[in-house]
Every structure is written in C-alpha cells, then in structure tokens.
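A short write-up of the structure that comes next.
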Ligand SMILES: [Zn+2]
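As structure tokens, this is what we get:
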C-alpha cells in the first residue's frame, strides 16, 4: 500500500479519489467519520484490530497499571461497548459521546482507536498502546504474580507523559515520527512516491 493507493473520501463518504477502484470499508467510514466530524482538533484517527489489542479489548480488566507503557493511558482511556460491525450510522453519536475529549479509546470486544493532532501523534499513541497490550498479555499468560502500580504513582506518571508531549503542537519537528518514517523508507524503498 502506498499513499496513492489510499482512497480519499469527504465527510459524507463520497469518494474523492480512488486510483484502484477499491471503494471504502463502510464500517471503517462509520468510525472514522464520527470522530472527524465531532473533533475538529483531531487530524488523524487510527483504528486497529491487532491480536493483542483485540485480546485486551475483550477483557473486563482493560489495560492494567502494570508497567510504564501502560501508565501513559492510566485514567485516560475512553471505552465504547460493542454494537456489532459498525454499519449503523446511528452508532456514530454513541461512539463520540463515549470518546468525549479523550484521544485513546478501547472499542470493547473489537480493538483500539487513537486520535492525534498529527499523524505522528496518533501513531505514537497506538504504538505505545499496542506495546502496553502485548506486555500485559505476556504478564498474564506467564502466570507470574503481578506488581500493580499504586493509583497515586500511576496518575503522577500519566501526567509526566502529558508534560513530555510538546512536539505535536505548532510546526515543531516530531523526532519520533521522523525516525519511524526513515525506518519505513529503509525497509520499503521501492514504495516511496
Ligand atoms: Zn474495527
């Protein structure tokens, strides 16, 4: 997949550009259009169905305060209950009400969703949440006794993450996103357009 193979749509789902005639995934449109319409501060919405993300989304515990990666999301997750494949446009209202002004959401029994002011911000949130999910699954499946991080310390660390996040506003460079792009170009030089 390259940039020119992506399908571009407007907020009504009308196709603006579709170089391969692939059309769009209607459930994907329901989810992404809901967030874009409701949150003008958000310029990128990512939604994944990875094994680790789906597994965590299917557990009552959600993401537990077990490690530093997970603390970025402590007390900052939104949750949306499963309603079947998201083909009902009426779900958009409930989805954005559940999201509120948060940027990270667990779609229960379904997967993960992150929002960013930039592509780099949405990607970094998803990358870190994915790692938190994988680490939690590894901890749970090991059967080892868990060391839960206390509420006060977990909240303090979540605030530290927020204080750190200064390069997604304005036009400041985003070193992490630039590094991911360099890595992608190195691995897939033929796909650079
Ligand atoms: Zn989905």
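In this note's numbering, the protein residues as written are 954 to 1146. All residues carry an ideal CB built from backbone N, CA and C; glycine is no exception.
Quick check: what's the CA-CA separation for residue i versus residue j?
| i | j | result |
| --- | --- | --- |
| residue 1029 | residue 1081 | 14 Å |
| residue 1012 | residue 1074 | 26 Å |
| residue 1116 | residue 1056 | 15 Å |
| residue 956 | residue 1146 | 8 Å |
| residue 988 | residue 1083 | 20 Å |
| residue 1033 | residue 995 | 18 Å |
| residue 1138 | residue 1129 | 14 Å |
| residue 1077 | residue 1131 | 11 Å |
| residue 1133 | residue 1127 | 10 Å |
| residue 1095 | residue 1101 | 15 Å |
| residue 1044 | residue 1038 | 10 Å |
| residue 1098 | residue 969 | 53 Å |
| residue 1072 | residue 1092 | 30 Å |
Just to check my reading of the structure: residue i and residue j have Cβ atoms closer than 8 Å, yes? What is that Cβ distance to the nearest angstrom?
| i | j | result |
| --- | --- | --- |
| residue 978 | residue 958 | Not really, about 14 Å apart at Cβ, beyond 8 Å. |
| residue 962 | residue 1068 | Not quite, the Cβ-Cβ distance comes to about 18 Å (not below 8 Å), so this is no contact. |
| residue 1040 | residue 1001 | Contact flag wrong, Cβ pair sits at about 19 Å. |
Report the residue from the options whose alpha carbon sits nearest the alpha carbon of residue i.
| i | options | result |
| --- | --- | --- |
| residue 1048 | 1008, 1115, 1006, 985 | 985 |
| residue 1111 | 968, 1025, 961 | 1025 |
| residue 992 | 1005, 1008, 1050, 974 | 1050 |
| residue 1066 | 1037, 1020, 981 | 981 |
| residue 1103 | 1079, 1010, 1027 | 1027 |
| residue 1021 | 1141, 1106, 1064 | 1106 |
Spell out the partners DSSP gives residue i in its beta bridges.
| i | result |
| --- | --- |
| residue 1032 | 1059 |
| residue 998 | 1068 |
| residue 970 | 961 |
Who are the near neighbours of residue i in its chain, counting only those whose CB is closer than 8 Å to its CB and skipping five residues on each side?
| i | result |
| --- | --- |
| residue 1023 | 1016, 1017, 1085, 1088, 1089 |
| residue 1031 | 1051, 1052, 1053, 1055, 1057, 1058, 1059 |
| residue 1136 | none |
| residue 964 | 986, 989, 990 |
| residue 1003 | 1064, 1065, 1083, 1086 |
Output needed for residue i: all residues of its chain with C-beta closer than 7 Å, excluding positions within five of it in sequence on either side, in chain order.
| i | result |
| --- | --- |
| residue 1005 | 1083, 1086, 1087, 1090 |
| residue 1042 | 983 |
| residue 1010 | 1059, 1060, 1061, 1062, 1063, 1064, 1065 |
| residue 1036 | 1044 |
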